[in-house]
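Enquirer: Protein chains in written order, with the working numbering: chain G, 6 to 253; chain P, 4 to 491.
Heads up, the beta-carbon is just placed ideally off N, CA and C, and yes, glycines get one too.
What follows is a single structure, and I will ask about it in a moment.
Below, the structure is given as structure tokens:
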């Protein structure tokens, strides 16, 4: 593994006439936690989704472990994707399977893991997110917070090298945000490389190594959490941070 | 612009397919080896429409059904003279001539009048019987319709595609002519005053009058060319050797006045039928019909879903060709009636490969259902949230695994009610296969009606049976729907 897990060069993305991402550059090093913040419509989610090619970049390169994802065939892309876990705003658990099966599907089908081994891993991971008693429940019977913890466990079941979080707490009731952030903090502590699009400034402050501020399709500022929240350089960032602090 | 090109390509694909199939279907027959073929096979295959007593009808003896009648005796005599076994296939009257043209049978017999129009498409034997034409009327109208002159301006019924139909149109001034497929339906129409009179061959009319006191007969008074009134056996064009051989038997039949004997025995059979017209007496008929209806529906459901899934996946393929094929198929099947498709598979494709009627029916209904199921499934796949695809992709699942484990199970759950609807209509719509002689419930219904001279009761029984089938299926579908709901 190279030190730079993810390297983005001159990435841009257009939807029709709309340019969503403009000349994005950045690197994520092994073990780093990057939080991406910014006003809505800034292109944060699109940027994150370009990292595992859920969105196909219009131009530029996205390198994962030294391989440019924009120039690999379908098979290679699948291989690379299984090394990146992703957690979505709307959980996206498979409603037609139990929690346990949600965790076991990809290890069995993609990693060719045995049924028994996959089950062992799954139960272990459920314990880690505090939901071992929900193994046989269906997702619809879980609360939002529980569902998101299962979704994190599902991504972890593939033993990924990077975890991508797309506003993981935005769809949650306030009282459930904490339990999900707790799991994410644990992950960060254990050294997982993470890119997190979030509005949780507290989380960004306490966990991130770097905070990237995005607006209008550009990354306008990259700095440490302390600098970003105490003394932002960019005017847009200043304005954004100011509004957030006011709101608190 | 691109859309236009696509549409044009689709239309071209469709026409090429049609032309190819059409070309195969219209292949001219080779030299005449008709007699040789029958002798080699050791079987003479005839088609008839056994709902026309006393010419041909079914008799129910000890729960077993047999086709009997004057025509059957004539055919037996012909087969015996040729030294071969007689095989009887039954079918709608409308389909008889098509059946011999497409080689489904060697000859068609069924009180067929060798009119000039028919002679253009098939060959005929000599006339073996001349019965004359007549009209059936309700007994209560005896004073109103004393003779054929009183029928001016009346509503007259006749079997579609028969001589009687053409004659009523041409010779009865001001008459409205109503055509139906089955003489049993026509008699029922007469008895329920939908029509005033029914144009029918004299022996048939006599049979009805004998068995039903509410009916009366009046002579047609037509002056007709002898060729137009007699009954003859129809053969595929160019079957001279077979026609000549059959004519030899007909000469004997006429010389020995065998038809009188045949009619007498037919009359006896008809009495057997009407001794017990209780529906319970005919339960084996209905049971067999239900069995075939269920069989066809099950097979068509299975293959329909299979075809539907494949077509739906083709619609989501990256290959333009697959998408185009799937779209063309669906549009074509949805744009043509099931009845035509059934006839096409049996008669049309039958020119190239001889498929039995039951299999043809199953194929046609499956192909048809597949197109509808495909659209339902496509809707189902579209109804699955995009996030599901993204989650599956982000886990590194292949497209195939994603469909199999994530998308399709959810799609099926969403479309279950619509799919259930399709299965239920399959049970009902499969009844169309009776036109090619598949012994499903509708077919059996018609036979019971022809046998018993009871118009409404058999219809009621069939209605109840269809309802029971769909009702049970609905319960079953609901049960599974509940189960799926439980599973999240």
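1) Thinking C-beta only, is residue 77/P closer than 8 Å to residue 375/P?
2) Mind checking who residue 127/P pairs with in its DSSP beta bridge?
3) Which stretch, first to last residue, makes up the alpha helix (DSSP H) that contains residue 423/P?
4) Given the structure, does residue 73/G come close to the ligand GDP, in the sense that its CB is under 7 Å from one of the ligand's heavy atoms?
5) Is the Cβ of residue 409/P closer than 8 Å to any Cβ of chain G?
6) Specify the secondary structure class of residue 300/P as computed by DSSP and reduced to three states.
7) If the cut is a Cβ gap below 9 Å, which residues of chain P does residue 93/G touch?
8) Exposed or buried, what is residue 169/G when buried is set at 16 or more other beta-carbons lying within 10 Å of its beta-carbon?
9) Within its chain, find whatever has a CB closer than 8 Å to the CB of residue 64/G; leave out the 5 residues flanking it on each side and keep chain order.
10) Using a Cβ cut-off of 8 Å, pull out every chain P residue sitting near residue 59/G, in sequence order please.
11) Mind pulling the alpha helix (DSSP H) runs of 4 or more residues that sit fully within the region 15-67 of chain G?
12) Hey, how far is the Cα of residue 74/G from the Cα of residue 23/G?
13) Name the chain P residues whose beta carbon is nearer than 8 Å to that of residue 87/G?
14) By the criterion of Cβ-Cβ separation under 9 Å, what are the contact partners of residue 104/P in chain G?
15) List the residues of chain G whose Cβ lies closer than 8 Å to the Cβ of residue 416/P, in chain order.
16) List, from N- to C-terminal side, the alpha helix (DSSP H) runs of 4 residues or more that fit wholly inside the region 49-124 of chain P.
17) Where DSSP assigns a beta bridge to residue 203/P, which residues make up the other side?
18) Thinking C-alpha only, which one of 429/P, 465/P and 466/P is nearest residue 476/P?
19) Taking 8 Å as the threshold, find out whether the region 106-116 of chain P comes into contact with the region 184-195 of chain P through three or more Cβ pairs.
20) Which partner residues does residue 46/P have in the DSSP bridge list?
21) Quick check: the Cα distance between residue 136/P and residue 330/P, rounded to an integer number of angstroms?
22) Take residue 155/G as the anchor and find which of 56/G, 72/G, 62/G and 91/G has the nearest alpha-carbon.
23) Whose Cβ in chain G lies nearer than 7 Å to the Cβ of residue 412/P?
24) Less than 8 Å separating the beta-carbons of residue 407/P and residue 318/P?
25) Excluding the 5 residues preceding and the 5 following residue 149/P in the sequence, name in chain order all residues of the same chain whose CB lies nearer than 8 Å to its CB.
26) What is the DSSP secondary structure of residue 179/G, counted as helix, strand or coil?
27) So which of 33/G, 61/G, 46/G and 238/G has the shortest CA-CA distance to residue 71/G?
28) Between the alpha carbons of residue 188/G and residue 127/G, how many angstroms are there, rounded?
29) I need the straight-line Cα distance from residue 188/P to residue 383/P, nearest angstrom please.
30) Under the DSSP definition of a beta bridge, which residues are partnered with residue 222/P?
31) What number of angstroms, rounded off, separates the C-alpha of residue 37/G from the C-alpha of residue 400/P?
32) Do residue 58/P and residue 206/P have their beta-carbon atoms positioned less than 8 Å apart in this structure?
33) Could you name the residues of chain G that residue 404/P contacts, counting a contact when the two beta carbons are closer than 7 Å?
34) What does residue 164/G touch in chain P if you count any residue whose Cβ is under 9 Å from its own?
35) Quick check: the region 409-422 of chain P against the region 335-343 of chain P, are there 3 or more CB pairs under 8 Å?
36) DSSP state of residue 222/G, grouped into three classes?
Expert: Considering the structure as presented:
1) no
2) 237/P
3) 411-432 is the span of the alpha helix (DSSP H), which, as asked, contains residue 423/P.
4) The ligand GDP is not among the ligands present in this structure, which contains no ligands whatsoever.
5) yes
6) helix
7) Residues of chain P passing the Cβ test: 390, 393, 394 and 397.
8) Buried.
9) Excluding residues within five positions, the ones whose Cβ falls inside 8 Å are 15, 16 and 17.
10) 393, 396 and 397
11) If you keep only unbroken alpha helix (DSSP H) runs of at least 4 residues inside the region 15-67 of chain G, you get 49-56.
12) 23 Å
13) By Cβ distance, chain P contributes 398 and 399.
14) Neighbours of residue 104/P on chain G: none; closest Cβ ~53 Å, over 9 Å.
15) 101
16) 73-85, 96-104 and 119-122
17) 137/P
18) 429/P
19) no
20) 88/P
21) 52 Å
22) 91/G
23) 101
24) no
25) 221
26) In this structure, residue 179/G counts as helix in the three-state DSSP scheme.
27) Here the closest residue by C-alpha is 33/G.
28) 16 Å
29) Distance between residue 188/P and residue 383/P, taken at the CA atoms: about 42 Å.
30) 137/P
31) Cα-Cα distance, rounded: 27 Å.
32) yes
33) 114
34) Neighbours of residue 164/G on chain P: none; closest Cβ ~11 Å, over 9 Å.
35) In short, these stretches do not touch, since the Cβ pair count stays below three.
36) coil
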